[in-house]
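Chemist:
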Amino acid sequence: MNRTLDQLRIMFGGEPRKPPPEALSPGAKHLYATKKLTKKDFLILQEKERAQVAQQKWKKRRWAVLITVNLLFVLSYQLDVQLVEGSLSGSRFLGFHLIDLNAALQLMLAHKHVIVNLLIGTATIGAVWLVLGGRSFCSWVCPYHLLAEWAEALHVKLAEKKLVKDHPLHRGLRTVLWVVFALLAYGTGYTVYEAVSPTGIVSRALIYGPGVALLWIVALLAFEVLYSRRAWCRYLCPVGLTYGLVGTFSPVRVHYDLAKCAHEGECRKVCLVPHVLDHIFKGRATNEHLDVGPDCTRCGKCVDVCPGGALSFTVKGLSRSPKPLVIPPPPQPPQVTP
Amino acid sequence: MSDAPKPPALSEARRQEERRKVLHAAAVGCGVIGLSLLGLAPVALRKSARLRPPGALDEHDFLSSCIKCGQCVQVCPVEALKPADLFDGFGVGVPYLEPRKQACDFSCDVGQCILACPTGALTYHRSADFPVQAGQELAIKPTLRAKRGEPDATLNVEARMGVARLRDPQACWSVRGKPVQGPTRSKAFKGKLRYPEVDRWKPQPVREHVYDVPRCDLCVRECPVDGAISIDDVNGVPTPVVHDPCVGCGVCEMVCPAEPAAIVVDAQVPWRGEGQS
């Protein structure tokens, strides 16, 4: 529970803290004390990682899902199949109402009036993402996420050539924006956030055709390429925080196995939200097995790059629970005969 | 206290980095909030109101209750509804009609858009919280011409979308005594209309419908609602006159042969009695 609260604090913008040595479990202590990585081991790991990065198993799956979901919306309308009618903010899947949680929140605050269909749609989507991992909406469904991923790749390439430099922002900004947009919706009676929401704008542009609103998307992507890596998804998007809250108690997690971790830090380099992987630093993991916190978008990039297999997807209650670590008894001090 | 070992202080560089992050975040945050609030300008400054789908709540309530999903857009059989672009500010993604391009001809019979709306932004029955404005209520439920004589011939909406108005009597072909021979709109026109005498269920392209009318009366001829408009004798001239059942669907504006249309729909205005203009 303490860890859950701490992970929520971090999601709201707090910095991860180094746990005091006494907070570490005996298993974690033992692993930190005994784990040794020779240079040869490290080279083997590097080779393995290169092979895995080339494979990109989870990225391929995720892109396939994201593109399929958005394509279903587009084709349902363009070919009149009526499988999923509507757009990401609100839709009907085979006639059943689905309403985006953040859009519903804005609407309820602005309109102050909730009808049954809206409630059904919101509760359904809430339940779906509670099961599927909350922010997994971001990386597996949100069409802006995919555009931003391409912009990020470009940013990283340009940064390697020293043409651009990343300017991180304080992560508390997203929490502030979430509150401000909630207050604005309530105060003005307009769904103010929807005017800038890239999720809604890109989804509608795909389904109903492009418009001037895409200029805002281009501006955002340019800002992310030239100035601040993944700025919208990392520091700004209130939708991400809404889904993050839903995913706090989700069974779908990225699981961390300290015993297999080489602490070389490749996962944090590819991660959209590296603060959730703070425990990969030596001495930071309080337990030999940990679930990554709610701000994680379950995109699987870290799983793709981890050479030791320390990071993996897990579904609590379905996956086999990790074997408890057997700590060998400490070596007996040599008997000194008087 | 002073002799206790101090916790390792943040280095000066680190502290500066933190300060920079906060300042940049504040600047970017203000930028995003400022940009989003620009969305108020089109809503507040718009001179002519948007024509909203049938059953829409009053404009402010409509903008706040619409979830911008476009399900209404998808179900409309004549594709009359369009989600608004960013120029509409807070109204981005909210559906509207441009009746001259494509009017709402009620060829779905019931208001499919109203049935599709998941949030109650389009509704048959206004709750007590959202009463119909004076002048926008329809005294009697409009009867659809195509369903005349059927048991459920009325359209179940309580408020009008707007009111048709003869904008320019001098341009009106009825007033000028002009006939309509051939199609009323150009070959490039993409709009569709249900002609019940041609096909009760399938709207036809307006550009393909050939008229042979000695004196234009298309606004009356094609109006989907019973008794909403008629050609009356005004000072000895046969002139289109709009009556109380007018819903504001815009079919008269779409089929008007004059260019620009002599009759137009004023969106979201109350009924002010016949002969208004």
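In the order they appear, the protein sequences are chains U and W.
Each residue of the first sequence is one higher than the one before, starting from 1 at the first, in the numbering used here.
Each residue of the second sequence is one higher than the one before, starting from 1001 at the first, in the numbering used here.
The C-beta atom is built at its ideal place from N, Cα and C for all residues, glycine as well.
Keep in mind that this is a model prediction, so the values were computed, not measured.
1. Taking all protein chains shown into account, do 16 or more other C-beta atoms lie within 10 angstroms of the C-beta of residue 1074 (chain W), making it buried, or fewer, making it exposed?
2. Below 7 Å on C-beta distance, what does residue 1021 (chain W) contact in chain U?
3. CB-CB under 6 Å to residue 189 (chain U), same chain, minus the five flanking residues each way: which ones, in chain order?
4. Of all the residues that make up the stretch 109–123 of chain U, which are near chain W by a beta-carbon distance shorter than 7 Å?
5. In whole angstroms, what separates the C-alpha of residue 4 (chain U) from that of residue 293 (chain U)?
6. The alpha helix (DSSP H) that contains residue 1061 (chain W), what's its start and end?
7. Thinking just about the alpha-carbon of each residue, which of U:74, U:89, U:52 is nearest to the one in residue 206 (chain U)?
8. Which two residues bound the contiguous beta strand (DSSP E) that contains residue 1212 (chain W)?
9. Label residue 34 (chain U) either buried or exposed according to how many other C-beta atoms from any shown protein chain fall within 10 Å of its C-beta, with 16 as the threshold for buried.
10. Hey, would you say residue 1101 (chain W) sits closer than 8 Å to residue 1191 (chain W), going by beta carbons?
11. Please compile the residues from chain W whose C-beta is within a distance smaller than 9 Å of the C-beta of residue 178 (chain U).
12. Check for me: the beta strand (DSSP E) holding residue 96 (chain U) runs from which residue to which?
13. Using a beta-carbon distance below 8 Å, is residue 1028 (chain W) in contact with chain U?
14. Applying the 10 Å Cβ sphere with the 16-neighbour rule, what's the burial state of residue 22 (chain U)?
15. Got a sec? Which residues, its chain only, sit under 8 Å from residue 1243 (chain W) by beta carbon, not counting five neighbours each side?
16. Are the beta-carbon atoms belonging to residue 1251 (chain W) and residue 1214 (chain W) less than 8 Å from one another?
17. Can you look up residue 275 (chain U) in the DSSP assignment and give me helix, strand or coil?
18. Going by other Cβ atoms of all chains shown within 10 Å of its Cβ, with 16 needed for buried, is residue 143 (chain U) buried or exposed?
19. In chain order, which continuous runs of the alpha helix (DSSP H) of length 4 or greater are located wholly inside the stretch 1064–1116 of chain W?
20. Tell me residue 1267 (chain W)'s beta-bridge partners as DSSP assigns them.
21. Could you spell out the range, first to last residue, of the beta strand (DSSP E) harbouring residue 79 (chain U)?
22. I'd like to confirm the pairing. Which residues does DSSP put opposite residue 1141 (chain W) in its beta bridges?
23. Ignore the nearest five residues each way along the sequence and tell me which others in residue 1132 (chain W)'s own chain have a CB closer than 7 Å to its CB.
24. By how many angstroms is the C-alpha of residue 1208 (chain W) removed from the C-alpha of residue 1255 (chain W)?
25. Could you spell out where the alpha helix (DSSP H) holding residue 304 (chain U) opens and where it closes?
26. My guess is that residue 132 (chain U) and residue 252 (chain U) are in contact by the Cβ rule of under 8 Å, so how many angstroms apart are they, rounded?
27. For residue 1202 (chain W) and chain U, any beta-carbon pair shorter than 8 Å?
28. Got a sec, what are the start and stop residues for the beta strand (DSSP E) residue 93 (chain U) sits in?
29. Can you tell me the Cα-Cα spacing of residue 173 (chain U) and residue 246 (chain U), whole angstroms?
30. Which same chain residues, not among the five before or five after residue 1181 (chain W), have their C-beta less than 6 Å away from its C-beta?
31. Suppose only complete runs of 4+ residues qualify. What are the alpha helix (DSSP H) ranges in the stretch 139–209 of chain U, listed by chain order?
32. Based on Cα-Cα distance, which residue from U:273, U:135, U:231, U:308 lies nearest to residue 51 (chain U)?
33. Count the other CB atoms within 10 Å of the CB of residue 1235 (chain W); is the residue buried (16 or more) or exposed (fewer)?
34. Since residue 233 (chain U) contacts residue 138 (chain U) with CB under 8 Å, what's their CB separation in whole angstroms?
35. Closer than 7 Å by beta-carbon distance: list the chain W residues that pair up with residue 84 (chain U), in chain order.
36. Determine which residues share a DSSP beta bridge with residue 370 (chain U) and list them.
Modeler: This is what the structure gives:
1. Within the second sequence, numbered from 1, the residue matching residue 1074 (chain W) stands at position 74. Around the Cβ of residue 1074 (chain W), a 10 Å sphere holds 16 or more other Cβ atoms; the residue is buried.
2. Residue 1021 (chain W) sits at position 21 when you count from the first residue of the second sequence. Within 7 Å Cβ-Cβ: 168, 169, 170.
3. Taking the first sequence and counting its residues from 1, the one referred to as residue 189 (chain U) is at position 189. Around residue 189 (chain U): 110.
4. Going along the stretch 109–123 of chain U in chain order, one finds 110, 111, 113, 115, 117, 118, 121 with a Cβ nearer than 7 Å to chain W.
5. Counting from one through the first sequence, the residue named residue 4 (chain U) turns up at place 4. Counting from one through the first sequence, the residue named residue 293 (chain U) turns up at place 293. Their Cα atoms are separated by approximately 7 Å.
6. Start at 1 with the first residue of the second sequence, and residue 1061 (chain W) comes out as number 61. Looking at the DSSP string, the run of the alpha helix (DSSP H) that includes residue 1061 (chain W) is 1059–1065.
7. Position 206 of the first sequence holds residue 206 (chain U). If we check each option's Cα against that of residue 206 (chain U), U:74 comes out closest.
8. Sequence index remark: in the second sequence, residue 1212 (chain W) carries index 212 (1-based). Taken as a continuous stretch (DSSP letters only), the beta strand (DSSP E) holding residue 1212 (chain W) covers 1211–1213.
9. Stepping through the first sequence from its first residue, residue 34 (chain U) is reached at position 34. It counts as exposed.
10. Sequence index remark: in the second sequence, residue 1101 (chain W) carries index 101 (1-based). Sequence index remark: in the second sequence, residue 1191 (chain W) carries index 191 (1-based). Yes, these two residues count as a Cβ contact at 8 Å.
11. As a first step, residue 178 (chain U) must be located in the first sequence, where it is residue number 178. Correct list: empty, because the minimum Cβ distance to chain W is about 11 Å.
12. Position 96 of the first sequence, counted from the start, is the residue given in the question as residue 96 (chain U). Run containing residue 96 (chain U): 96–99, per the beta strand (DSSP E) assignment.
13. The sequence position of residue 1028 (chain W) within the second sequence is 28, counting from 1. True, the Cβ-Cβ gap to chain U drops below 8 Å.
14. Within the first sequence, residue 22 (chain U) is the residue found at index 22, counting from 1. Counting every other CB atom within 10 Å of its CB across the protein chains shown gives residue 22 (chain U) a total below 16, marking it as exposed.
15. Within the second sequence, numbered from 1, the residue matching residue 1243 (chain W) stands at position 243. Excluding sequence neighbours, residue 1243 (chain W) sits near 1227, 1228, 1229, 1230, 1274.
16. Position 251 of the second sequence, counted from the start, is the residue given in the question as residue 1251 (chain W). Position 214 of the second sequence, counted from the start, is the residue given in the question as residue 1214 (chain W). The answer is no: Cβ separation not under 8 Å.
17. Taking the first residue of the first sequence as position 1, residue 275 (chain U) is located at position 275. DSSP places residue 275 (chain U) in helix when its eight states are reduced to three.
18. On the first sequence, position 143 is the one that residue 143 (chain U) refers to. Residue 143 (chain U) should be labelled buried.
19. Counting only runs of 4 or more residues that sit fully inside the stretch 1064–1116 of chain W, the alpha helix (DSSP H) segments are 1071–1075, 1112–1116, in chain order.
20. Locating residue 1267 (chain W) in the second sequence gives position 267, counting from the first residue. The partner list for residue 1267 (chain W) (beta bridge, DSSP) reads W:1162.
21. Along the first sequence, one-based indexing puts residue 79 (chain U) at 79. Premise fails: residue 79 (chain U) is in no beta strand (DSSP E) and is neither H nor E.
22. Position 141 of the second sequence, counting from 1, holds the residue named residue 1141 (chain W). Answer is none; residue 1141 (chain W) lacks a bridge partner.
23. Mapped onto the second sequence, residue 1132 (chain W) falls at position 132. Contacts found: 1126, 1158, 1159.
24. Against the second sequence, residue 1255 (chain W) aligns to sequence position 255. Against the second sequence, residue 1208 (chain W) aligns to sequence position 208. When rounded, the distance between both Cα atoms is 12 Å.
25. As a first step, residue 304 (chain U) must be located in the first sequence, where it is residue number 304. Note, residue 304 (chain U): alpha helix (DSSP H), 301–305.
26. For this step, residue 132 (chain U) is matched to residue 132 along the first sequence. For this step, residue 252 (chain U) is matched to residue 252 along the first sequence. Confirmed, Cβ separation roughly 6 Å.
27. Counting from 1 along the second sequence, the entry for residue 1202 (chain W) is found at position 202. Residue 1202 (chain W) does not count as touching chain U.
28. Locating residue 93 (chain U) in the first sequence gives position 93, where the first residue counts as 1. For residue 93 (chain U), the enclosing beta strand (DSSP E) begins and ends at 90–93.
29. What you label residue 173 (chain U) is simply residue 173 of the first sequence in a count that begins at 1. What you label residue 246 (chain U) is simply residue 246 of the first sequence in a count that begins at 1. Going by the C-alpha atoms only, they are around 19 Å apart.
30. The sequence position of residue 1181 (chain W) within the second sequence is 181, counting from 1. 1212, listed in sequence order.
31. 143–160, 172–188, 198–208
32. Position 51 of the first sequence, counted from the start, is the residue given in the question as residue 51 (chain U). Closest by alpha carbon: U:308.
33. Here residue 1235 (chain W) corresponds to residue number 235 of the second sequence, with the count starting at 1. Burial call: exposed.
34. One-based indexing of the first sequence puts residue 233 (chain U) at position 233. One-based indexing of the first sequence puts residue 138 (chain U) at position 138. Sure, about 6 Å apart at Cβ, within 8 Å.
35. As a first step, residue 84 (chain U) is located in the first sequence; it is residue number 84 there, counting from the start. Going along chain W, no residue has its Cβ under 7 Å from residue 84 (chain U), so there is no contact; the nearest lies around 10 Å.
36. Summary: the structure shown does not reach residue 370 (chain U), with chain U confined to residues 1 through 338, and so no result is reported for it.
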